[in-house]
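J.:
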Amino acid sequence: MDPNYVRIFDTTLRDGEQSPGATMTSAEKLEVARAIARLGVDVIETGFPAASPDDWRAVNQIAQLVGAEAVAGRPQAEPPIICGLARATKTDIERAWTAVEPAAHPRIHTFIATSPIHREHKLRMDKDQVLARIREMVGLARSLCPDVEFSCEDACRTELDFLAIAVQAAIEAGATTLNIPDTVGYTTPDEMASRIAYLKQHVPGIDGVILSVHCHNDLGLATANSLAGILAGARQAEVTINGIGERAGNTALEEVVMALSVRGPLFGLQTGIDRSQLARASKLVSTITGMTVQANKAIVGANAFAHESGIHQDGMLKHHETYEIMRPETVGATQTTLVLGKHSGRAAFSARLAELGHALEQDELDRTFQSFKVLADKKKTLTDADIEALVASEISQPEPFYRLQGLQVACGSMGLPTATVELIGPDGAREVRAEVGTGPVDAAYKAIDGIVKAECRLLEYLVQGVTAGIDAIGEVSVRIRGEGAGGDERHTAQGAAQPRVFHGHGADTDIIVASAKAYLVALNRLLHAQKRARPEPTARVQA
Ligand code: KIV
Ligand code: ZN
Numbered sequence: 033m034d035p036n037y038v039r040i041f042d043t044t045l046r047d048g049e050q051s052p053g054a055t056m057t058s059a060e061k062l063e064v065a066r067a068i069a070r071l072g073v074d075v076i077e078t079g080f081p082a083a084s085p086d087d088w089r090a091v092n093q094i095a096q097l098v099g100a101e102a103v104a105g106r107p108q109a110e111p112p113i114i115c116g117l118a119r120a121t122k123t124d125i126e127r128a129w130t131a132v133e134p135a136a137h138p139r140i141h142t143f144i145a146t147s148p149i150h151r152e153h154k155l156r157m158d159k160d161q162v163l164a165r166i167r168e169m170v171g172l173a174r175s176l177c178p179d180v181e182f183s184c185e186d187a188c189r190t191e192l193d194f195l196a197i198a199v200q201a202a203i204e205a206g207a208t209t210l211n212i213p214d215t216v217g218y219t220t221p222d223e224m225a226s227r228i229a230y231l232k233q234h235v236p237g238i239d240g241v242i243l244s245v246h247c248h249n250d251l252g253l254a255t256a257n258s259l260a261g262i263l264a265g266a267r268q269a270e271v272t273i274n275g276i277g278e279r280a281g282n283t284a285l286e287e288v289v290m291a292l293s294v295r296g297p298l299f300g301l302q303t304g305i306d307r308s309q310l311a312r313a314s315k316l317v318s319t320i321t322g323m324t325v326q327a328n329k330a331i332v333g334a335n336a337f338a339h340e341s342g343i344h345q346d347g348m349l350k351h352h353e354t355y356e357i358m359r360p361e362t363v364g365a366t367q368t369t370l371v372l373g374k375h376s377g378r379a380a381f382s383a384r385l386a387e388l389g390h391a392l393e394q395d396e397l398d399r400t401f402q403s404f405k406v407l408a409d410k411k412k413t414l415t416d417a418d419i420e421a422l423v424a425s426e427i428s429q430p431e432p433f434y435r436l437q438g439l440q441v442a443c444g445s446m447g448l449p450t451a452t453v454e455l456i457g458p459d460g461a462r463e464v465r466a467e468v469g470t471g472p473v474d475a476a477y478k479a480i481d482g483i484v485k486a487e488c489r490l491l492e493y494l495v496q497g498v499t500a501g502i503d504a505i506g507e508v509s510v511r512i513r514g515e516g517a518g519g520d521e522r523h524t525a526q527g528a529a530q531p532r533v534f535h536g537h538g539a540d541t542d543i544i545v546a547s548a549k550a551y552l553v554a555l556n557r558l559l560h561a562q563k564r565a566r567p568e569p570t571a572r573v574q575a
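Numbering (my numbering), first residue to last: 33 to 575.
(1) Verify the contact flag: Glu278, CB atom, against every heavy atom of the ligand ZN, threshold strictly below 7 Å.
(2) Are Met169 and Thr142 closer than 8 Å when you measure CB to CB?
(3) From the DSSP output, which residues share a beta bridge with Val464?
(4) Rounding to the nearest angstrom, what Cα-Cα distance links Val406 and Ser547 in this structure?
(5) Entirely within the stretch 356-444 and at least 3 residues each: give me those beta strand (DSSP E) ranges in chain order.
(6) Taking 7 Å as the cut-off, does the CB of His150 come closer than this to any heavy atom belonging to the ligand ZN?
(7) Can you tell me whether Ser382 sits near the ligand ADP, meaning its C-beta is under 7 Å from at least one heavy atom of the ligand?
(8) Taking 7 Å as the cut-off, is the C-beta of Asn211 nearer than that to any heavy atom in the ligand KIV?
(9) Between the alpha carbons of Ala67 and Ala313, how many angstroms are there, rounded?
(10) Terminal residues of the continuous beta strand (DSSP E) containing Asn183?
(11) Is the beta carbon of Ala336 less than 8 Å from the beta carbon of Lys374?
(12) If you run the structure through DSSP and keep just helix, strand and coil, what is Phe41?
(13) For the alpha helix (DSSP H) that contains Phe534, what are its first and last residues?
(14) For the ligand KIV, is there any heavy atom lying closer than 7 Å to the beta carbon of Leu349?
(15) Does DSSP put Ala65 in a helix, a strand or coil?
(16) Say the cut is 7 Å; is the CB of Thr130 nearer than that to a heavy atom of the ligand KIV?
(17) Can you give me the start and stop residues for the alpha helix (DSSP H) that Ile483 sits inside?
(18) Which residue wins for smallest C-alpha separation from Ile543, given the options Glu270, Glu515, Leu491, Ala476?
(19) Grouping DSSP H, G and I as helix and E and B as strand, with all else coil, what is Cys177?
(20) Compute the distance between the beta-carbons of Ala82 and Asp42, then report whether it is under 8 Å.
(21) CB of Thr190 to nearest heavy atom of the ligand ZN: below 7 Å?
(22) Per the DSSP calculation, Gln93 is bridged to which residue(s)?
(23) Ends of the beta strand (DSSP E) at Thr209?
(24) By a C-beta neighbour count over all protein chains shown, 10 Å radius and 16 as the cutoff for buried, is Lys485 buried or exposed?
(25) Going by the C-beta, is Asp306 closer than 7 Å to any heavy atom of the ligand ZN?
(26) Are the CB atoms of Thr272 and Leu285 nearer to each other than 8 Å?
(27) In this structure, how does DSSP classify Ser51 when only helix, strand and coil are distinguished?
(28) Tell me Phe143's beta-bridge partners as DSSP assigns them.
(29) Can the beta-carbon of Val495 be found less than 8 Å from the beta-carbon of Val508?
(30) Looking at Gly48: is its Cβ nearer than 8 Å to the Cβ of Asn257?
(31) For the ligand KIV, any of its heavy atoms closer than 7 Å to the Cβ of Glu49?
(32) Are Asp179 and Ile113 touching if we call contact CB-CB under 8 Å?
(33) Just list the residues that DSSP pairs Ile262 with in beta bridges.
(34) Taking Cβ to Cβ, would you say Thr400 is nearer than 8 Å to Leu414?
(35) Are the beta-carbon atoms belonging to Tyr230 and Leu192 less than 8 Å from one another?
Set out below in structure tokens:
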């Protein structure tokens, strides 16, 4: 209980995953959880187990694997707390508990809204009913798990005196961490600071629990509000990598961690985060979720350490501190060149993967090694970033309905851009289709649409080079919206149906091939969601 230690609670896999289209497969969640554990976070909120059987399984798998892996070979290290979210209901809490129970340090995080708007319009409960629910459900959670977090949803629009009563009720019922979320990103730094200070002053027993802040970024104030809450006495910050999350997102982990570190003398506080892992974790999350990071994003954006103007460059040459408040290597924003080439064997390759913290299944390793060999034939030097891009492409997706077998394009300034696509369909049948389009990607996507016949709209298409150089791998991210029947049936923690947005990622030295791969990943996700949404024929007969 060091009073100057700020716990970092990462909710990339729960609030972050609630961003439209950021849904991850279990294998992807496990990779992200490993990256988050490598960062040294104190708590990983791994999901919302009651949302679906898939969500429960993903949380449970992380609870079984990640804690132990995080401390393997480091006997002094503590495994992270593995947390599952639950609404304040008996079923949600019991589901969350069975999912996190295998972890070395499990936590149940339960919540109910306390603000007048939510009480009246969403919950249709009065203050007394909300308080009774808090007492009953926090008590139930505590009877199952020694570590219980309680959140007053929409705390920053809750009457201060009622917020204090709700927090007190949760403490009396056994909560060990009390979270004050700015659910709708409405508050300001001064307000957040005085809210935390008020609770510290007026709630009996508050000094025996950890106060936490959880801010959304609707007004672009999430990091400022979190830091204000910390200055006022909160000792846990709930954050996501790259700030992904509902609507405008959550507080960015890298921003809070680096603000506390760069302005160390001002705050006088520490975190347990390994800052050199920040850039890597950011890249992995953006690749896997398809939520690309804007170039001017603090700490992890492509331009965060770029100096363009002559005056700045001149200053940097004379002394880097003229225009740089932190070094890129501090956050791991520098490239490591891999000393592997086309003659390297599987053992050297998998050893490097292990050093980078990836523990792939055998079939994933086989596929990644094959892609590595193909790439090493085309590129002389491979960077860790290239390897990360390959891994992100090969991490298991659910069994795909359609696979890319071949692609041929003709394009340029003469004639019509044409693409011929060969896919292997769900029944193993080969289908070929040729189309013309406004460009080679358009032609390839039309040809794929002609075979797959899923009703969808392309919302976003983005191509980026992983590394510099003409032989760089091109990474493509797409986002599509399913327009037809069915879709993602999951519900967010707040109960809203998920929009039917799906992302896909593809990497290849040929950007048209990368584009086709990315589109197929997104289409396969859509087809899986539609399949899940269709009622089982036998269930209908029984009903
Ligand atoms: O923003 C919010 O209020 C939440 C709670 C579930 C903690 O995410
Ligand atoms: Zn939230």
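Glycine is no exception: its CB is placed at the ideal position from the N, C-alpha and C atoms.
T.: Once the coordinates are examined:
(1) As a working note, residue 278 is residue 246 in the sequence shown. Using a cutoff of 7 Å, the CB of Glu278 counts as near the ligand ZN, since one of the ligand's heavy atoms is closer than that.
(2) In the sequence shown, the residue the question calls residue 169 occupies position 137. In the sequence shown, the residue the question calls residue 142 occupies position 110. For Met169 and Thr142, yes; Cβs fall inside 8 Å.
(3) As a first step, residue 464 is located in the sequence shown; it is residue number 432 there, counting from the start. Val464 is bridged by DSSP to Glu454.
(4) Counting from one through the sequence shown, the residue named residue 406 turns up at place 374. Counting from one through the sequence shown, the residue named residue 547 turns up at place 515. One alpha carbon belongs to Val406, the other to Ser547, and they sit about 18 Å apart.
(5) Runs of the beta strand (DSSP E) inside the stretch 356-444: 435-442.
(6) Taking the sequence shown and counting its residues from 1, the one referred to as residue 150 is at position 118. His150 Cβ: outside cutoff for every heavy atom of the ligand ZN.
(7) The ligand ADP is absent from the structure shown, which contains only the ligand KIV and the ligand ZN.
(8) In the sequence shown, residue 211 corresponds to position 179, counting from 1. The answer is yes for Asn211.
(9) Numbered from 1 along the sequence shown, position 35 holds the residue referred to as residue 67. Numbered from 1 along the sequence shown, position 281 holds the residue referred to as residue 313. C-alpha separation (whole angstroms): 6 Å.
(10) As a working mapping, residue 183 is identified with position 151 in the sequence shown. It should be pointed out that residue 183 corresponds to Ser in this sequence rather than to Asn. Residues 180-185.
(11) In the sequence shown, the residue the question calls residue 336 occupies position 304. In the sequence shown, the residue the question calls residue 374 occupies position 342. Taking 8 Å as the cut-off, the beta carbon of Ala336 is found no closer than this to the beta carbon of Lys374.
(12) Within the sequence shown, numbered from 1, the residue matching residue 41 stands at position 9. Looking at Phe41 - three-state DSSP - the assignment turns out to be strand.
(13) Taking the first residue of the sequence shown as position 1, residue 534 is located at position 502. First-last for Phe534: 533-540, but that is the beta strand (DSSP E), not the alpha helix (DSSP H).
(14) The sequence position of residue 349 within the sequence shown is 317, counting from 1. Outside the cutoff, so no.
(15) Within the sequence shown, numbered from 1, the residue matching residue 65 stands at position 33. In the structure shown, Ala65 sits in a helix (DSSP, three-state: H, G or I).
(16) The residue you call residue 130 lines up with position 98 of the sequence shown. Checking the Cβ of Thr130 against the ligand KIV gives no.
(17) Against the sequence shown, residue 483 aligns to sequence position 451. 472-484 is the extent of the alpha helix (DSSP H) around Ile483.
(18) Sequence index remark: in the sequence shown, residue 543 carries index 511 (1-based). When only C-alpha atoms are compared, the closest one is Ala476.
(19) Taking the sequence shown and counting its residues from 1, the one referred to as residue 177 is at position 145. In the structure shown, Cys177 adopts coil according to DSSP, grouped into three states.
(20) Start at 1 with the first residue of the sequence shown, and residue 82 comes out as number 50. Start at 1 with the first residue of the sequence shown, and residue 42 comes out as number 10. Result no, Cβ atoms of Ala82 and Asp42 do not sit closer than 8 Å.
(21) Taking the sequence shown and counting its residues from 1, one reaches residue 190 at position 158. No, since every heavy atom of the ligand ZN falls outside the 7 Å radius drawn around the Cβ of Thr190.
(22) Counting from one through the sequence shown, the residue named residue 93 turns up at place 61. Answer is none; Gln93 lacks a bridge partner.
(23) The residue labelled residue 209 in the question sits at position 177 within the sequence shown. 209-214 is the extent of the beta strand (DSSP E) around Thr209.
(24) To locate residue 485, count along the sequence shown from 1; it is residue 453. Exposed is the call here.
(25) The residue given as residue 306 occupies position 274 in the sequence shown. No, the beta carbon of Asp306 sits no closer than 7 Å to any heavy atom of the ligand ZN.
(26) Indexing the sequence shown from 1 puts residue 272 at position 240. Indexing the sequence shown from 1 puts residue 285 at position 253. The answer is yes: Cβ separation under 8 Å.
(27) Residue 51 sits at position 19 when you count from the first residue of the sequence shown. Three-state result, Ser51: coil.
(28) As a first step, residue 143 must be located in the sequence shown, where it is residue number 111. Answer by DSSP bridge pairing, in chain order: Arg119, Ser183.
(29) Counting from one through the sequence shown, the residue named residue 495 turns up at place 463. Counting from one through the sequence shown, the residue named residue 508 turns up at place 476. Yes, the pair counts as a contact, with Cβ atoms nearer than the cut-off.
(30) Locating residue 48 in the sequence shown gives position 16, counting from the first residue. Locating residue 257 in the sequence shown gives position 225, counting from the first residue. Not a contact, by the Cβ cut-off of 8 Å.
(31) Reading the sequence shown from its first residue, position 17 is the one you call residue 49. Relative to the ligand KIV, the beta carbon of Glu49 is positioned no closer than 7 Å to any heavy atom.
(32) As a first step, residue 179 is located in the sequence shown; it is residue number 147 there, counting from the start. As a first step, residue 113 is located in the sequence shown; it is residue number 81 there, counting from the start. A contact, by the Cβ cut-off of 8 Å.
(33) Here the question's residue 262 lines up with position 230 in the sequence shown. DSSP lists no partner for Ile262.
(34) Within the sequence shown, the letter at position 368 stands for residue 400. Within the sequence shown, the letter at position 382 stands for residue 414. The answer is no: Cβ separation not under 8 Å.
(35) Working through the sequence shown from its first residue, we reach residue 230 at position 198. Working through the sequence shown from its first residue, we reach residue 192 at position 160. Result yes, Cβ atoms of Tyr230 and Leu192 sit closer than 8 Å.
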